[in-house]
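Order-wise, the sequence lines are chains A and B. Under our numbering, think of the first position of the first sequence as 1, with each following residue one higher. Under our numbering, think of the first position of the second sequence as 341, with each following residue one higher. From the three backbone atoms N, C-alpha and C, an ideal C-beta is built for every residue, glycine too. Below is one structure; the comments refer to it alone.
2 protein chains.
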Amino acid sequence: MASKATSIDIAYRAGVSQSTVSRALRNSPLVNLETRQKIHEIAKELNYKVDKNASNLRTQNSLTLALLLCEDPTNDDSLINPFFLSMLGSITRATAQQGYDLLVSFQQLSSDWHGDYEDSNKADGIILLGYGDYLDYESKLEKLLLQNTHFVIWGAEHNNNAVLSIGCDNVQGGMIATEHLIEQGRKEFAFLGGASSHCPEFRDRYLGHSKAIKQAGLPHSKKRQFSAISTEESGFDATKQLLVSGQSFDAIFAASDLIAIGAIRALNERGLRVPEDIAVVGYDDIPVASFANPPLTTVKQNTQLAGEILVESLLKLIKGEEVSGQLIPTSLVIRGSSSI
Amino acid sequence: MASKATSIDIAYRAGVSQSTVSRALRNSPLVNLETRQKIHEIAKELNYKVDKNASNLRTQNSLTLALLLCEDPTNDDSLINPFFLSMLGSITRATAQQGYDLLVSFQQLSSDWHGDYEDSNKADGIILLGYGDYLDYESKLEKLLLQNTHFVIWGAEHNNNAVLSIGCDNVQGGMIATEHLIEQGRKEFAFLGGASSHCPEFRDRYLGHSKAIKQAGLPHSKKRQFSAISTEESGFDATKQLLVSGQSFDAIFAASDLIAIGAIRALNERGLRVPEDIAVVGYDDIPVASFANPPLTTVKQNTQLAGEILVESLLKLIKGEEVSGQLIPTSLVIRGSSSI
DNA sequence: CTGAAAGCGCTTACAG
DNA sequence: CTGAAAGCGCTTACAG
Chain A
1 MASKATSIDI AYRAGVSQST VSRALRNSPL VNLETRQKIH EIAKELNYKV
51 DKNASNLRTQ NSLTLALLLC EDPTNDDSLI NPFFLSMLGS ITRATAQQGY
101 DLLVSFQQLS SDWHGDYEDS NKADGIILLG YGDYLDYESK LEKLLLQNTH
151 FVIWGAEHNN NAVLSIGCDN VQGGMIATEH LIEQGRKEFA FLGGASSHCP
201 EFRDRYLGHS KAIKQAGLPH SKKRQFSAIS TEESGFDATK QLLVSGQSFD
251 AIFAASDLIA IGAIRALNER GLRVPEDIAV VGYDDIPVAS FANPPLTTVK
301 QNTQLAGEIL VESLLKLIKG EEVSGQLIPT SLVIRGSSSI
Chain B
341 MASKATSIDI AYRAGVSQST VSRALRNSPL VNLETRQKIH EIAKELNYKV
391 DKNASNLRTQ NSLTLALLLC EDPTNDDSLI NPFFLSMLGS ITRATAQQGY
441 DLLVSFQQLS SDWHGDYEDS NKADGIILLG YGDYLDYESK LEKLLLQNTH
491 FVIWGAEHNN NAVLSIGCDN VQGGMIATEH LIEQGRKEFA FLGGASSHCP
541 EFRDRYLGHS KAIKQAGLPH SKKRQFSAIS TEESGFDATK QLLVSGQSFD
591 AIFAASDLIA IGAIRALNER GLRVPEDIAV VGYDDIPVAS FANPPLTTVK
641 QNTQLAGEIL VESLLKLIKG EEVSGQLIPT SLVIRGSSSI
């Protein structure tokens, strides 16, 4: 094939200088309207597209964002948390809307990616998504800050104020889930999910959960909290532990839908019916939730909005505008697993 | 912050020329080992990363692939077919393994993306994924070919041999699903999914389905085929139509899991039990499948392998090596929806 | 083994 | 409103 057209080819055909072509294509008002139109026509004819590498090199920005999905290495290789997949969708859309491209990468928490994307001018900023162990994260984030990398992270608020984090209001989510269970007349609540600072999102859900119980004047016991990571298996195992613990309970609030689905399986195996014997509420509203048996009541995070805010905030950060972290409110989706 | 380090900064500190730095960083054996090591050290110290825009501009390639997900505009904005999401995961991984970056974009079939990525030198090649109407596609693909764009598409074989397509063997998939139903003693089969050339993947599944029935010497009737697109709603509607059609049937083979799940819902509403009254088999093995009620028997596509082959094929194409389309075999995952 | 130099294709002050 | 020119940060023939 003929090699790709350049702005010089266009200049030649239009009988103007290359600078004028460049201006015209960027719709500079400096260029005579007629000339501009003619140049646009020729560009279309030649199927010309501005070379991104050249223009980025010149302007020193890339109009590209990088999305790093940090997977928990404990997870199966082929399984990405469906919640993140949904976020990925909304981020892709939001990025495109702003006229940026999106570079996507899955990273093990262990790998050495800090700032790689921005340093090599591949991206103007980075969005970090991940449910990994929070504390392992810390040092990497520090390094990113040190390098003045532009980044936003999805999740709980950060101890370090310099880190811009956007997340759903997990405390509020834990509250509305638990309040709903209380309204259903439940009295003894188990919580499945890590409640330590290793996973602040789960911890905050637990905090909201506890708060709702106390506000209702019901007895709260830490003994009914069982750690789990966000997989069906882990939820299954945690529920087994709960069952053998001898703790009595009539409701489970799981820190994620996958945990909740594992819990339902464990309950069923034990001959317990959901919701008649035990009400179950999950978190995330992943696609599977509505197809679970029974359909899962769950706390929905507005991924559409979250993606938009994440992208907008990052762009503001890049442009040097004022930005602050945001908490996005959650809502409860009531299905069969919690109400008879 | 200090502005980003360049190869000149390194050259200055190392007391060599910038060309030598460039060579050393690319590990050229031309450069003295000692010098090379020193340069690498300094680079690390300065947190230097080769500027991608500059090097890409110079070498005229981008070490980037673009993934275009073409969504059916009929779909809800926020819902991406879970099968594609799984493909996205495997493609991301395969791309990274080959040392390439991945640009991801969701496109409406209607938008004017042809070759945009490659023309602007943002990517060396394009992977197309999508369940859209096949025929609408045609003209775009022709254009891509005309522009000598490097691309692979996921899906059925193409009429136009010049188009490199990688896909699972849909005929074989349709066969193993149906053979399984026959083994279960079923005799009258309904097929849910479009069987026209608008959607060759579904059509091929239908072909395999029909073939298996004929091979078993069982009666085959086109009247038991009902069109559906890959959504739960469409599966629900198609099953309603099937039910009012008066056709008798004891098994349903759905062209996708989402269709199958919709079918099960429609059957249940009608008071029919799965699998006792009607056996159901789906296609894709999306995450939801194992959580369906009953768990869905389905044809599994090896997305891991598919992603790898897609990426490898595209890279070969880019490098000008010999490539040809491939059919990836499928396997059957037997669950409760088809066997009692 | 190393350096000086050209050039990838743009954008944008500067001069007119 | 337009053009000539510099320069973004690399890679790589060319010459030594």
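Query raised in the report: Which word fits Gln565/B, buried or exposed, when buried means at least 16 other C-beta atoms lie within 10 angstroms of its C-beta?
Result: Label assigned to Gln565/B: buried.
Query - Supposed close pair Thr638/B, Val614/B - CB separation, criterion 8 angstroms - result: Not really, about 13 angstroms apart at Cβ, beyond 8 angstroms.
Query raised in the report: Just to confirm, does Glu572/B get its C-beta within under 7 angstroms of one of the non-hydrogen atoms of the ligand HEM?
Result: Among the ligands in the structure shown, none appear at all, so the ligand HEM cannot be discussed.
Query - Whole-angstrom distance between Gln326/A and Ala383/B, CA atom to CA atom - result: 37 angstroms
Query raised in the report: Using a C-beta to C-beta distance shorter than 7 angstroms, which residues of chain A count as neighbours of Lys462/B?
Result: Lys52, Asp101
**Report entry** Three-pair Cβ contact test at 8 angstroms for the segment 310 to 324 of chain A versus the segment 361 to 379 of chain B
**Finding:** no
Requested in this report: For Val584/B, count neighbouring C-beta atoms within 10 Å of its own C-beta (all shown protein chains included) and say buried if the count is 16 or more, exposed if not.
Outcome: Counting Cβ neighbours within 10 Å, Val584/B comes out exposed, since fewer than 16 surround it.
**Report entry** Whole-angstrom distance between Ile493/B and Ile592/B, CA atom to CA atom
**Finding:** 29 angstroms
Query raised in the report: Closest Cβ-Cβ distance between Ser362/B and chain A: below 8 angstroms?
Result: no
**Report entry** Sub-8 angstroms separation of Val288/A and Ile259/A beta-carbons
**Finding:** no
**Report entry** DSSP-derived helix/strand/coil call for Phe589/B
**Finding:** It is coil, neither helix nor strand.
Query raised in the report: From Asn460/B to Ala530/B, what distance separates their C-alpha atoms?
Result: A small correction: the amino acid at residue 460/B is Ser; Asn does not occupy that position in the sequence shown. Between Ser460/B and Ala530/B, the C-alpha separation is close to 48 angstroms.
Query raised in the report: Which residues mark the beginning and the end of the beta strand (DSSP E) in which Phe236/A is found?
Result: Counting along the chain, Phe236/A falls outside any beta strand (DSSP E), though it belongs to the alpha helix (DSSP H) covering 232 to 244.
Query raised in the report: Under a three-way DSSP split, which group does Gln147/A fall into?
Result: coil
Report task. Could you tell me which uninterrupted beta strand (DSSP E) segments, each at least 3 residues in length, are contained entirely in the segment 587 to 632 of chain B, listed from first to last along the chain? Result -> 591 to 594, 619 to 624
Requested in this report: Could you check the C-alpha separation between Phe589/B and Leu582/B for me, to the nearest Å?
Outcome: 9 angstroms
Query raised in the report: Per DSSP, Asp101/A forms a beta bridge with which residues?
Result: Thr64/A
Query raised in the report: How close, in whole Å, do the beta carbons of Ile286/A and Asp257/A come, if the pair is a contact with beta carbons under 8 angstroms?
Result: Ile286/A to Asp257/A, Cβ: 5 angstroms. Contact.
**Report entry** Reduced DSSP category for Leu469/B - H, G, I as helix; E, B as strand; rest coil
**Finding:** strand
**Report entry** Partners in chain A for Ser402/B, counting only beta-carbon separations shorter than 9 angstroms
**Finding:** Lys52, Asn53
Query raised in the report: Nearest to Asp577/B by alpha carbon, out of Ala606/B, His549/B, Gly586/B?
Result: Ala606/B
Query raised in the report: Under 8 angstroms between C-beta atoms, does Pro615/B make it to chain A?
Result: no
Report task. Give the range of the beta strand (DSSP E) segment to which Gly167/A is assigned. Result -> Where Gly167/A is concerned, the enclosing beta strand (DSSP E) stretches over 164 to 168.
Query raised in the report: How big is the Cα-Cα spacing for Asn342/A and Thr432/B?
Result: Residue 342/A cannot be examined here, being either before or after the span of chain A that is shown, 1 to 340.
Report task. Given a cut-off of 8 angstroms, decide if Ser445/B and Leu408/B are closer than it, judged by their beta-carbon atoms. Result -> Cβ atoms of Leu408/B and Ser445/B: closer than 8 angstroms.
Requested in this report: Can you have a look at Ser402/B and say buried or exposed, based on whether 16 or more other CB atoms are within 10 angstroms of its CB?
Outcome: Buried, because 16 or more other Cβ atoms sit within 10 Å of the Cβ of Ser402/B.
Query raised in the report: What in chain A is Cβ-close to Phe631/B, meaning under 7 angstroms?
Result: The contacting residues are Ile261, Val288, Phe291, Ala292.
Report task. Taking only beta-carbon positions, decide if Pro413/B is within less than 8 angstroms of chain A. Result -> Low confidence applies to Pro413/B: its pLDDT is 48, below 50, so where it sits in the model is not reliable enough to give any reading.
Query raised in the report: With DSSP run on the structure shown, which of helix, strand or coil describes Lys214/A?
Result: helix
**Report entry** Contact belief for Cys70/A with Leu129/A at Cβ below 8 angstroms, rounded distance in angstroms
**Finding:** 7 angstroms
Query raised in the report: Thinking just about the alpha-carbon of each residue, which of Val21/A, Pro29/A, Leu65/A is nearest to the one in Val50/A?
Result: Val21/A
Query - C-beta contact flag for Asp441/B and Leu103/A at 8 angstroms - result: Yes, they are a contact pair.
Query raised in the report: How long is the line joining the alpha carbons of Gly15/A and Gly533/B, rounded to whole angstroms?
Result: 56 angstroms
Query - Residue environment, Glu616/B, which counts as buried when at least 16 other CB atoms sit within 10 Å - result: exposed
Requested in this report: Would you tell me roughly how many angstroms separate the C-alpha atoms of Tyr388/B and Lys122/A, rounded to the nearest one?
Outcome: 13 angstroms
**Report entry** Beta-bridge partners of Val673/B, as assigned by DSSP
**Finding:** Thr638/B.
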